[in-house]
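The structure under discussion appears below in the form of structure tokens.
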Amino acid sequence: TPSPQHSYAWQQVLSLDELIQKLHEVINPHRQSKAAETMGCFADIGLRPLEFTRLINAAFRLGLAQHRELPLAFLDVGCGAGLKVMQAAQLFQTAHGLEYDDCYVETARHVLSKAGRDACKVFHADAREFDRYHEYDVIYLYRPMHVESGLIEIEEQILAQLRPGTLL
């Protein structure tokens, strides 16, 4: 059974997690484009911030433990509004996003610029045809498509280009 202090601290963390989820909705109010919907892309959804924080910190530590050449590079496939790219930039000198939906690309670029993350880049591209996966040490892929065949194509494209030790 958690102590009252542990429970209170956990409630604070969950409250911040919920706040960030709500801010995500405010930052990117755009509906998914018809082109992205037709292709089978998910609308801009995000892994809960607390869970992403755990994953991104573990990925960074693993990259260091592998003695990979610094700086490490991060790519978010299906980055939506770019919040995960912005968060990854706290650890990774290179933090980029890949997005198919025009409105989401515009929103992500605006958000990153307003946040002073001008070094972060968002590419407008089809993840099934992107040819630069080999440039990244960590590739984050959280449900960019709900069409299984499209998701398989993305994964095959990534796997064909990965360097040894890249974290997916």
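All letters in the sequence shown, in the order written, are residues 38 to 205 by our numbering. Don't be surprised by glycine CBs; every beta carbon is placed ideally from N, CA and C.
From residue i to residue j, what distance separates their C-alpha atoms?
i             : j             : result
proline 181   : serine 150    : 23 Å
aspartate 168 : serine 52     : 39 Å
isoleucine 82 : histidine 183 : 12 Å
leucine 188   : glycine 77    : 9 Å
glutamine 69  : alanine 80    : 5 Å
Who are the Cβ neighbours of residue i in its own chain at under 7 Å, not counting the five residues just before and after it?
i             : result
aspartate 163 : Tyr137
Excluding the 5 residues flanking residue i on each side, which residues of the same chain have their C-beta closer than 8 Å to its C-beta?
i             : result
histidine 161 : Glu136, Tyr137, Asp139, Val142
Reducing DSSP to helix, strand and coil, say where residue i ends up.
i                 : result
tyrosine 141      : helix
phenylalanine 111 : strand
glutamate 106     : coil
tyrosine 179      : coil
glutamate 166     : coil
histidine 133     : strand
leucine 199       : coil
leucine 188       : helix
Taking the alpha carbon of residue i as the point to measure from, which residue in the options has its own alpha carbon closest?
i             : options                        : result
glycine 100   : Phe129, Gly115, Glu88          : Phe129
valine 159    : Ser186, Glu190, Lys121         : Lys121
aspartate 195 : Ile176, Ser186, Arg154, Gly202 : Inspection of the sequence shows that residue 195 is occupied by isoleucine rather than by aspartate. The residue with the shortest Cα to Cα distance from isoleucine 195 is Ile176.
proline 201   : Ile93, Phe89, Arg105           : Arg105
serine 66     : Gln124, Val148, Arg154, Trp47  : According to the sequence shown, residue 66 is proline rather than serine. It is Val148 whose Cα lies nearest to the Cα of proline 66.
Which residues in the same chain as residue i place their Cβ atom closer than 6 Å to its Cβ, once the five residues preceding and following it in sequence are excluded?
i            : result
tyrosine 173 : Ala110, Leu112
leucine 205  : Ile176
Return no unless some Cβ of chain D is closer than 7 Å to the Cβ of residue i.
i          : result
valine 184 : The structure shown has no chain D; it contains just one protein chain.
To the nearest whole angstrom, what separates the beta carbons of residue i and residue j, a pair I think is in contact under 8 Å?
i                : j             : result
alanine 95       : alanine 118   : Not confirmed; about 23 Å, so no contact.
proline 86       : glutamine 127 : The Cβ separation is near 12 Å, so there is no contact.
phenylalanine 89 : glutamine 124 : 7 Å
arginine 154     : glutamate 190 : Their Cβ separation, rounded to whole angstroms, is 30 Å, which puts arginine 154 and glutamate 190 out of contact at 8 Å.
Cβ of residue i versus every heavy atom of the ligand PLP: is any distance shorter than 6 Å?
i           : result
arginine 68 : Among the components of this structure there are no ligands whatsoever, and the ligand PLP is therefore not found.
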